[in-house]
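Peer 1: First, the structure itself, so that you have it in front of you.
2 protein chains.
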Amino acid sequence: MAVTIRDVARASGVHISTVSRTFSAPHLVNPETRSRVLATAEQLGYRPNRAARALITGRTHNIGLIVADIANPFFPPLIKAAETHARRRDYHVFVADTDEDPIVELDLVQALAKQVDGILLCSPRMSDDQIEQVRREVPLVVINRMITGLPAVVMDVGHGAREAVRHLLDLGHRHLVYLAGPRGSWTNREIRRAAGATARAAGAELTVLGPNQPVEETGAASAEAVLRTGATAVLAYNDLMAIGLLQSLQDRGVDVPGQVSVVGIDDIAYSVLVRPRLTTVANPTATAGRTAVDMLLQQGDDGATGQVTLRTDLIIRNSTGPGPYAPAVAITAEVAAAHVKE
Amino acid sequence: MAVTIRDVARASGVHISTVSRTFSAPHLVNPETRSRVLATAEQLGYRPNRAARALITGRTHNIGLIVADIANPFFPPLIKAAETHARRRDYHVFVADTDEDPIVELDLVQALAKQVDGILLCSPRMSDDQIEQVRREVPLVVINRMITGLPAVVMDVGHGAREAVRHLLDLGHRHLVYLAGPRGSWTNREIRRAAGATARAAGAELTVLGPNQPVEETGAASAEAVLRTGATAVLAYNDLMAIGLLQSLQDRGVDVPGQVSVVGIDDIAYSVLVRPRLTTVANPTATAGRTAVDMLLQQGDDGATGQVTLRTDLIIRNSTGPGPYAPAVAITAEVAAAHVKE
DNA sequence: CTCCATTCGGCAAACGTTTGCAACAGCTTA
DNA sequence: TAAGCTGTTGCAAACGTTTGCCGAATGGAG
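Here the protein sequences line up with chains X and R, keeping their order.
Following this note's numbering, the numbering of the first sequence begins with 1086 at its first residue and continues without gaps.
Following this note's numbering, the numbering of the second sequence begins with 1086 at its first residue and continues without gaps.
Structure, rendered in structure tokens:
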């Protein structure tokens, strides 16, 4: 049915090995022969069978990309960038969704292990031990989690969180809430730690609410709890929760940022679509995807296990404003934005 | 390095064919032997090599999923549903992004053809001819486009568009705008046709603005043009454009739905996150993804080329309100919503 | 004219499976 | 007791490539 290397060989009067070489080691075959082979291959519509190639070379030219939830808007830009980048290097990408379930995650990476040259593990929920173990079966690059000895690319959320808290402090807020993310998330721990330390250093109070599923519903559902704490500013684990909270606050007549300031994390596409536009910490997810692909593909050459940290930046928009202890010269969002731009 | 069927055979004292059968045709091997083999396989951590299996059976147990833009929020729910559904049937999914480019699309499906048992083509931008041609190389299911003779699952956007226009007409709007989608989109043509026919039948005017890239920026950029037409209601190709338009209108002081009503299509997650909440046509994308997977996997058995049409429904929220010709008893969004709920 | 180096292409083994065929044992049936 | 079935297993070919090895052809140097 399908046209194989053998058909091409017959049609162009050479041995199959010559055809093979025209594709995988062109410099070893006479230019004249080569072009003849290429012509017949083209004409016959020949496409190398990757499975056969994989069988003998041991390289599939496929990679796996495992994320917690494809529908979470944090991931699509990362998936897109990784896929495009991988394809440019002649790799195809299996995408799989764990639904935030560590068990599914483990199953998945083991099922994929034999079919790929490596796996990109985004925000894994497995234990460190499980990841270490799995790493022995297949090359791995972890995204958004730091595990010693494992190649990883992480966004420096700690930095972003510190900036965010400092921004709120500067605005005159003294009681903050951290609306936490899911249990088992490295990112969540980092944020909490960084935010807590920064607030404490300034003598401000930080109340942690959570853990929570990182979706807008939980953000919305937390509005009551947030108000009850008496805090005037909230940092949320991600934009989704921040947006849910923001709308829920407005729906019950609380002015944002007049009464409560809200900061998100991720800078997903929708953070500029809500009103007020969301102040948030921008994560370079596309860069992370591309970098991770590069690290994975280089891994074969040397066993280098670099850990890349990507910079995150606070983007000040309109969901944050002066707090009860605002300095005499009020730092409004606009002023601060101008300042940051500088 | 990796443990093969041969290792298992040696370790359990049987021939490799017995091991093979233990996995692919268990009923052919003695229960006792079978459990012994399974035990050693388990212990050795054996995982069948899919490439080798594919080579001989011709079935890869992989499918390809090609979309125009992973980051477009319309797709992730579809991708997620398709992937989960496929995995449940022991298939893995290659996801690829064409960036709305027909050339990339063609390349992609041809590159993937040999590595998969079939391809899901979402909202393809290729010509009918190209699709027909490609269909000869690999089983195909087309999503969101109807091509005679090709298995497809489409959302009945025509129905949704009619409902939407009728809703606006009922509210007393007499001059509508259709903010069109990308050239080459089947969906776009369907909507335009249905909306046009419905408006015309009611003696109302429908101005088409476009074609446009289906992103929020073009929606926002169209605000001026929309206002210039003098229309009081807009149906947009998708929610993204509708939201862009909606915010842009509000930013320039136009009240929605007071002065202009806006209707989107797709019911992406964010349509409830903006204020006013977006009235929109809900597309069952998850169902579409699952159905398409089923159709693709059944295709091998018989050559049935069903075409499934999925029902779409208008969801009335708060971005639509009475127009200049509103009936004496004003049909407010709330009333209409209550009516629809019934 | 001989020798050597270089370039090119053929040969065949190997990758890890599946599967048609055959062999064999133990039964049942006539 | 022979014939035939059934259930279980082994044997070996096949799938479409890649690649180490070897021989043939070519051309240049001496």
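Idealized CB from N, CA, C, for every residue including glycine.
How is glutamine 1392 of chain X classed by DSSP in three states: helix, strand or coil?
Peer 2: Residue state, collapsed to three classes: strand.
Peer 1: Just checking: is the beta-carbon of leucine 1197 of chain R within a distance shorter than 8 Å of some beta-carbon in chain X?
Peer 2: Closer than 8 Å: yes.
Peer 1: Who are the Cβ neighbours of leucine 1334 of chain R in its own chain at under 7 Å, not counting the five residues just before and after it?
Peer 2: Answer for leucine 1334 of chain R: Ala1308, Val1341, Val1345, listed in chain order.
Peer 1: On the three-pair Cβ rule with 8 Å, is the segment 1192-1201 of chain R touching the segment 1164-1173 of chain R?
Peer 2: Short answer: they don't touch.
Peer 1: Strictly below 8 Å CB to CB, what residues from chain X border isoleucine 1204 of chain R?
Peer 2: Residues of chain X passing the Cβ test: none, with the nearest at roughly 12 Å.
Peer 1: Within its chain, find whatever has a CB closer than 8 Å to the CB of serine 1208 of chain R; leave out the 5 residues flanking it on each side and keep chain order.
Peer 2: Closer than 8 Å at Cβ, skipping near neighbours: Val1152, Ala1153, Ile1228, Asn1229, Arg1230, Ser1270, Trp1271, Thr1272.
Peer 1: What would DSSP say about tyrosine 1263 of chain X, mapped onto helix, strand or coil?
Peer 2: If DSSP states are grouped into helix, strand and coil, tyrosine 1263 of chain X belongs with the strands.
Peer 1: Starting from phenylalanine 1159 of chain X, find everything on chain R with Cβ-Cβ shorter than 7 Å and list it in chain order.
Peer 2: What phenylalanine 1159 of chain X touches in chain R: nothing, since even the nearest Cβ is about 11 Å away.
Peer 1: Which stretch, first to last residue, makes up the alpha helix (DSSP H) that contains isoleucine 1090 of chain X?
Peer 2: 1090-1097 is the extent of the alpha helix (DSSP H) around isoleucine 1090 of chain X.
Peer 1: When the cut-off is 8 Å and only beta carbons count, does tyrosine 1410 of chain R lie next to chain X?
Peer 2: Closer than 8 Å: no.
Peer 1: By Cβ distance, which residues of its chain are closer than 7 Å to arginine 1277 of chain X, with the 5 residues on each side in sequence left out?
Peer 2: Counting only Cβ-Cβ distances below 7 Å, and skipping sequence neighbours, we find Tyr1263, Ala1265, Val1293.
Peer 1: Between the alpha carbons of aspartate 1351 of chain R and methionine 1326 of chain R, how many angstroms are there, rounded?
Peer 2: Using only the alpha carbons, I get a separation of about 11 Å.
Peer 1: Which residue from X/Pro1111, X/Thr1317, X/Lys1165, X/Glu1127 puts its Cα closest to that of threonine 1370 of chain X?
Peer 2: The shortest Cα separation from threonine 1370 of chain X among X/Pro1111, X/Thr1317, X/Lys1165, X/Glu1127 belongs to X/Lys1165.
Peer 1: Is the beta carbon of leucine 1331 of chain X closer than 8 Å to that of serine 1404 of chain X?
Peer 2: Yes. Within cutoff.
Peer 1: Which chain R residues sit within Cβ distance under 7 Å of aspartate 1182 of chain X?
Peer 2: Under the 7 Å cutoff, chain R gives Lys1165, Glu1168, Thr1169.
Peer 1: Is glycine 1257 of chain R helix, strand or coil by DSSP?
Peer 2: In the structure shown, glycine 1257 of chain R sits in coil (DSSP, three-state: anything other than H, G, I, E or B).
Peer 1: Considering isoleucine 1204 of chain X, what are the terminal residues of the beta strand (DSSP E) in which it resides?
Peer 2: Its beta strand (DSSP E) spans residues 1204-1207.
Peer 1: If we define contact as Cβ-Cβ less than 8 Å, is alanine 1306 of chain R a contact residue for chain X?
Peer 2: Chain X contact via Cβ: absent.
Peer 1: Hey, out of R/Ala1126, R/Pro1111, R/Gly1406, whose CA is closest to isoleucine 1090 of chain R's CA?
Peer 2: Nearest of R/Ala1126, R/Pro1111, R/Gly1406 to isoleucine 1090 of chain R, Cα basis: R/Ala1126.
Peer 1: At the level of alpha carbons, what is the spacing between glutamate 1117 of chain X and alanine 1110 of chain X?
Peer 2: So the two alpha carbons sit approximately 15 Å from each other.
Peer 1: Between which residues of its own chain and valine 1219 of chain R is the CB-CB distance below 6 Å, once the five residues before and five after are set aside?
Peer 2: Hits under 6 Å: Val1194.
Peer 1: Distance cutoff 8 Å, beta carbons only. Does proline 1236 of chain X sit that close to anything in chain R?
Peer 2: By this cut-off, proline 1236 of chain X is not an interface position.
Peer 1: How close, in whole Å, do the beta carbons of valine 1319 of chain X and leucine 1261 of chain X come, if the pair is a contact with beta carbons under 8 Å?
Peer 2: That pair is a contact at about 7 Å.
Peer 1: How about arginine 1132 of chain X: is its C-beta nearer than 8 Å to some C-beta of chain R?
Peer 2: It does; some Cβ of chain R falls within 8 Å.
Peer 1: Looking only at its chain, what residues have a beta carbon closer than 8 Å to the beta carbon of leucine 1253 of chain X, apart from the 5 residues adjacent to it on each side?
Peer 2: Correct list, in chain order: Leu1261, Ala1318, Leu1320, Ser1346, Val1348, Thr1405, Gly1408.
Peer 1: Count the other CB atoms within 10 Å of the CB of leucine 1206 of chain X; is the residue buried (16 or more) or exposed (fewer)?
Peer 2: Result: buried.
Peer 1: Should arginine 1177 of chain X go down as buried or exposed, given a rule of 16 or more other Cβ atoms within 10 Å for buried?
Peer 2: First, the residue type needs correcting, since residue 1177 of chain X is histidine and not arginine in the sequence shown. So histidine 1177 of chain X counts as buried.
Peer 1: Please go through the same chain and pick out, in chain order, the residues whose beta-carbon is closer than 8 Å to the beta-carbon of glycine 1343 of chain X, but skip the five residues on each side of it.
Peer 2: Hits under 8 Å: Gly1406.
Peer 1: Leucine 1140 of chain X touches chain R at which residues, Cβ-Cβ below 7 Å?
Peer 2: The contacting residues are Ala1136, Ala1137, Leu1140.
Peer 1: What's the C-alpha gap between leucine 1163 of chain X and leucine 1163 of chain R?
Peer 2: Taking the straight line joining both Cα atoms gives about 17 Å.
Peer 1: If you draw a straight line from the alpha carbon of valine 1239 of chain R to that of arginine 1135 of chain R, how long is it in whole angstroms?
Peer 2: Cα to Cα, the separation comes out at about 33 Å.
Peer 1: Can you confirm whether tyrosine 1322 of chain X, when its beta carbon is compared against all beta carbons of chain R, has any partner nearer than 8 Å?
Peer 2: By this cut-off, tyrosine 1322 of chain X is not an interface position.
Peer 1: What is the residue span of the beta strand (DSSP E) that phenylalanine 1179 of chain R lies within?
Peer 2: Where phenylalanine 1179 of chain R is concerned, the enclosing beta strand (DSSP E) stretches over 1177-1182.
Peer 1: Which residues of chain X have a Cβ atom closer than 7 Å to the Cβ of alanine 1468 of chain R, listed in chain order?
Peer 2: Because chain R in this structure spans residues 1086 to 1427, residue 1468 of chain R falls outside the shown range and cannot be described.
Peer 1: Apart from the five residues just before and just after serine 1105 of chain R, which ones in its own chain have a Cβ nearer than 7 Å to its Cβ?
Peer 2: The residues are Ile1090.
Peer 1: Can you pull the chain X neighbours of isoleucine 1328 of chain R, defined as C-beta to C-beta under 7 Å?
Peer 2: Within 7 Å Cβ-Cβ: Leu1358.
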